[in-house]
Amino acid sequence: MRASKAFFLLLVLIVLAVPVSAQEPQQVVEQLLRQQQPKRHLMDGIAVGADLLGAGLKLAGNDWSQMEAFVRLNLYDKYFPVLELGYGEADHEGRELDNHFAVKAPYFRIGADYCFTKQHNGNRLFGGLRYGYSNYEYDLDSPVPLTDPVWQTAQDFRHHGLSGNTHWVEAVFGVETRIWRIVSMGWDLRFKLRASQKSSEIGKPWYVPGMSMNDSSLNWGGTFKLVFDLTRR
């Protein structure tokens with residue numbers, strides 16, 4: 025009887041121990057995964073950079089160009105608020121009427137990106153939104169006087185310092201990859217929608233600094249950026 029009781033007690037202990045022993049490997053694996061994943065903070069980094077595409081247009085002598093720099097925060101390695109500051113200019117002559125347009129003005133955009141990649145190791149696939157604004161003065165003139173269709177009188181068409189401003193929004197999709205330590209490069213595509221615009225009755229601007237061409241309310245563009253991540257872990 026003593027032997028049978030002892031055997032029964034041993035059997036009960038084994039049955040009770042099986043679930044505990046089965047849970048231990050799972051707990052060990054979960055603990056190892058938590059140790060491998062870096063701890064993220066609210067403020068996980070800051071980066072600065074510049075758009076190389078706009079500088080390339082300037083060097084190539086394009087009708088319009090813009091110089092742009094940005095500063096970007098890293099929140100939890102997933103959300104990236106960004107401020108973009110730039111200076112756009114254009115000097116364009118029309119092909120049909122030989123009219124001339126010129127503008128030089130600053131602009132800014134503010135918004136945020138969301139990183140779709142799970143782990144941030146310097147490579148990012150992201151999407152985001154921007155709000156942009158530019159306040160500017162522009163020139164419209166023509167080397168040939170315009171003839172009034174009613175009175176048949178010629179009048180000079182020279183209007184300088186016309187004031188205007190434009191608000192727009194952008195949807196951004198892009199990629200970024202680390203090329204050396206804190207240095208990264210990336211590109212993005214931007215779909216731009218003009219929200220509102222104030223311009224002179226004489227004529228609207230041919231180009232809006234920061235938004236690009238002004239021939240339609242819906243436009244697109246892109247950037248090719250050099251990025252310096254100052255607090256990469």
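For what it's worth, this note's numbering labels the leading residue of the sequence shown as 25, then goes sequentially. Glycine residues also receive a C-beta, built at the ideal position from the N, C-alpha and C atoms. Given the structure is predicted, the values throughout are model-derived calculations rather than measurements.
Nearest-angstrom Cβ-Cβ length linking residue i and residue j, presumed shorter than 8 angstroms
| i | j | result |
| --- | --- | --- |
| Val135 | Val106 | One point to set straight first is that residue 135 is Gly, not Val, in the sequence displayed. Contact holds; Cβ gap of about 6 angstroms. |
| Leu149 | Phe140 | 5 angstroms |
| Ser158 | Val72 | Not a contact, Cβ separation roughly 22 angstroms. |
| Thr190 | Gln221 | 5 angstroms |
| Gly210 | Val199 | 6 angstroms |
| Tyr100 | Tyr138 | That belief does not hold up - the Cβ atoms of Tyr100 and Tyr138 are roughly 11 angstroms apart, past 8 angstroms. |
| Gly110 | Gln90 | 5 angstroms |
Unbroken beta strand (DSSP E) run spanning residue i, endpoints
| i | result |
| --- | --- |
| Lys249 | 242 to 253 |
| Lys128 | 124 to 139 |
Beta bridge counterpart(s) of residue i as assigned by DSSP
| i | result |
| --- | --- |
| Lys102 | Lys102 is not bridged to any residue. |
| Ser8 | Lying outside 25 to 257, the shown extent of the chain, residue 8 is not represented and no answer is given. |
| Asp165 | His124, Arg182 |
| Ala114 | Trp88, Val127 |
| Glu108 | Phe94, Arg133 |
| Gly73 | Phe94, Val251 |
| Ala195 | Leu153, Phe215 |
| Asn147 | None; Asn147 has no bridge partner. |
| Ser158 | Thr190 |
Inter-residue spacing [alpha-carbon to alpha-carbon] between residue i and residue j
| i | j | result |
| --- | --- | --- |
| Trp244 | Leu213 | 7 angstroms |
| Asn123 | Gly188 | 19 angstroms |
| Met237 | Trp230 | 6 angstroms |
| Phe94 | Arg182 | 36 angstroms |
| Gly246 | Leu76 | 11 angstroms |
| Phe197 | Gly151 | 4 angstroms |
| Lys249 | Phe132 | 16 angstroms |
| Pro167 | His184 | 14 angstroms |
| Gly112 | Asp253 | 26 angstroms |
| Arg23 | Pro130 | Past the edges of the chain, shown from 25 to 257, lies residue 23, and the structure says nothing about it. |
| Ile70 | Ile226 | 45 angstroms |
| Ala74 | Ile203 | 16 angstroms |
| Ala126 | Glu92 | 19 angstroms |
| Trp88 | Gly234 | 11 angstroms |
| Leu83 | Lys128 | 16 angstroms |
| Leu242 | Ser208 | 30 angstroms |
| Asp68 | Gly78 | 29 angstroms |
| Glu108 | Arg218 | 18 angstroms |
| Ala195 | Tyr155 | 9 angstroms |
| Leu57 | Leu97 | The predicted model places Leu57 with a pLDDT of 46, which falls under 50 and marks its position as unreliable; any figure quoted below should be read in that light. So the two alpha carbons sit approximately 27 angstroms from each other. |
Terminal residues of the alpha helix (DSSP H) in which residue i lies
| i | result |
| --- | --- |
| Gly234 | Here Gly234 belongs to no alpha helix (DSSP H), and DSSP marks it neither H nor E. |
| Gly78 | 76 to 83 |
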